[in-house]
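Student: Have a look at this one before I ask anything.
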Amino acid sequence: MSFIRRSGKSLGWRIVFYVSKFYFMGGETIWALDDISLDIAQGEYVAIMGPSGSGKSTLMNIIGCLDVSDKGMYVLDGKQIHTLKDSQLAEIRNRKIGFVFQNYNLLDRRKHFPSELSGGQQQRVAIARTLAGDPPIILADEPTGALDSKTGGEILDIFRRLNEQGRTIIVITHDRQVAEQAKRIVRFRDGSLVN
Numbered sequence: 001m002s003f004i005r006r007s008g009k010s011l012g013w014r015i016v017f018y019v020s021k022f023y024f025m026g027g028e029t030i031w032a033l034d035d036i037s038l039d040i041a042q043g044e045y046v047a048i049m050g051p052s053g054s055g056k057s058t059l060m061n062i063i064g065c066l067d068v069s070d071k072g073m074y075v076l077d078g079k080q081i082h083t084l085k086d087s088q089l090a091e092i093r094n095r096k097i098g099f100v101f102q103n104y105n106l107l108d109r110r111k112h113f114p115s116e117l118s119g120g121q122q123q124r125v126a127i128a129r130t131l132a133g134d135p136p137i138i139l140a141d142e143p144t145g146a147l148d149s150k151t152g153g154e155i156l157d158i159f160r161r162l163n164e165q166g167r168t169i170i171v172i173t174h175d176r177q178v179a180e181q182a183k184r185i186v187r188f189r190d191g192s193l194v195n
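Read in order, the letters of the sequence shown are residues 1 to 195 in full-length UniProt numbering.
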């Protein structure tokens, strides 16, 4: 793994980007991300918070190498992501990034179909599947959105423990209580940072 050094100290890898992303809709340009600048250090627990349509998921897709920005730069672990080919982006996704979209204690449910699992059990399966590849970065999009508060708390506990083990956790949410579990909150509105 490459390292960034400043003042002779190793800071580990970082996610650094300055990006913009736009779409065309009905002949009009819609800026999903408008000159977003963000630096996320290895091992950080960051919540990206904002209302629906604020650009959170677009940013997650760029961080997760599922999409590319229209302008700007994105550097992960010393690699200029914005210059890579699709096959190289896929390799980074497979080796460095785990996704949780909707870990344990599921042995008694192993013979059940996914539709027979509760929302919390499905989320634990999603986390376990993500961890199977041992990614250093976990991106979670509204991980507690469809869960009751007790089960949501259990999922957030899993993220806290993973972060304590050194993983970088990036949670996309519109829920203030979920965001407050992170060590840093980045707020979005209309494709721009509002911090």
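A virtual CB, placed ideally from N, CA and C, is assigned to each residue, including glycine.
Computed from a prediction, not measured in an experiment: that's the story for all the values here.
Give the straight-line distance between the Cα atoms of Gly-78 and Arg-14, rounded to the nearest whole angstrom.
Tutor: Looking at the two C-alpha atoms, the distance is approximately 8 Å.
Student: Where does Ala-90 fall in DSSP's three states?
Tutor: Here Ala-90 sits in helix by DSSP.
Student: What does a CB cutoff of less than 8 Å around Ser-20 pick up in its chain, not counting 5 residues either side in sequence?
Tutor: Excluding sequence neighbours, Ser-20 sits near Trp-31, Leu-33, Asp-34, Asp-35, Ile-36, Ser-69, Asp-70, Lys-71, Gly-72.
Student: Considering only the alpha carbon of each residue, which of Ala-41, Val-46, Met-25, Phe-22 lies closest to Ala-182?
Tutor: Cα-wise, what sits closest to Ala-182 is Val-46.
Student: Where does Asp-188 land, buried or exposed, given buried means 16+ other C-beta within 10 angstroms?
Tutor: The question names Asp, yet the displayed sequence has Phe at residue 188. It counts as buried.
Student: Check Gln-177 in the structure and name its three-state DSSP category.
Tutor: Residue state, collapsed to three classes: helix.
Student: Measure the C-alpha to C-alpha separation of Gly-166 and Gly-53 and round it to an integer number of angstroms.
Tutor: Cα to Cα, the separation comes out at about 31 Å.
Student: Glu-28 by DSSP, collapsed to three states: which one?
Tutor: Three-state result, Glu-28: strand.
Student: Leaving aside the five residues before and after Asp-86 along the sequence, list all residues of the same chain whose C-beta is less than 7 Å from its C-beta, in chain order.
Tutor: Contacts found: none.
Student: Any idea what DSSP makes of Leu-38, helix, strand or coil?
Tutor: In this structure, Leu-38 counts as strand in the three-state DSSP scheme.
Student: Only counting the same chain, and skipping five residues up and downstream in sequence, which positions put a Cβ closer than 6 Å to that of Ile-40?
Tutor: Closer than 6 Å at Cβ, skipping near neighbours: Ile-15, Val-46.
Student: Would you kindly check if the distance between the Cβ of Thr-168 and the Cβ of Pro-143 is under 8 Å?
Tutor: No. Outside cutoff.
Student: Below 8 Å on the Cβ atoms is my contact criterion, and I expect Met-60 with Asp-175 to pass it. Report the Cβ-Cβ distance as a whole number of Å.
Tutor: Contact doesn't hold; Cβ gap of about 15 Å is too wide.
Student: Go ahead and label Ala-146 buried or exposed: buried means 16 or more other beta carbons lie within 10 angstroms of its beta carbon, across all protein chains shown.
Tutor: Exposed is the call here.
Student: Check the C-beta distance from Ile-172 over to Ile-48 and give it rounded, since I have them as a contact under 8 Å.
Tutor: Right, the Cβ-Cβ distance comes to about 5 Å (below 8 Å), so this counts as a contact.
Student: Is Asp-67 helix, strand or coil by DSSP?
Tutor: DSSP places Asp-67 in coil when its eight states are reduced to three.
Student: Using the beta-carbon count (16 or more within 10 Å), is Val-178 buried or exposed?
Tutor: It is buried - the Cβ of Val-178 has at least 16 other Cβ atoms within 10 Å.
Student: For Ile-92, I'd like the list of residues in its chain whose CB is within less than 6 Å of its CB, leaving aside the five on either flank, ordered along the chain.
Tutor: Here the set comprises Cys-65.
Student: What number of angstroms, rounded off, separates the C-alpha of Arg-110 from the C-alpha of Ile-138?
Tutor: Low confidence applies to Arg-110: its pLDDT is 46, below 50, so where it sits in the model is not reliable enough to give any reading.
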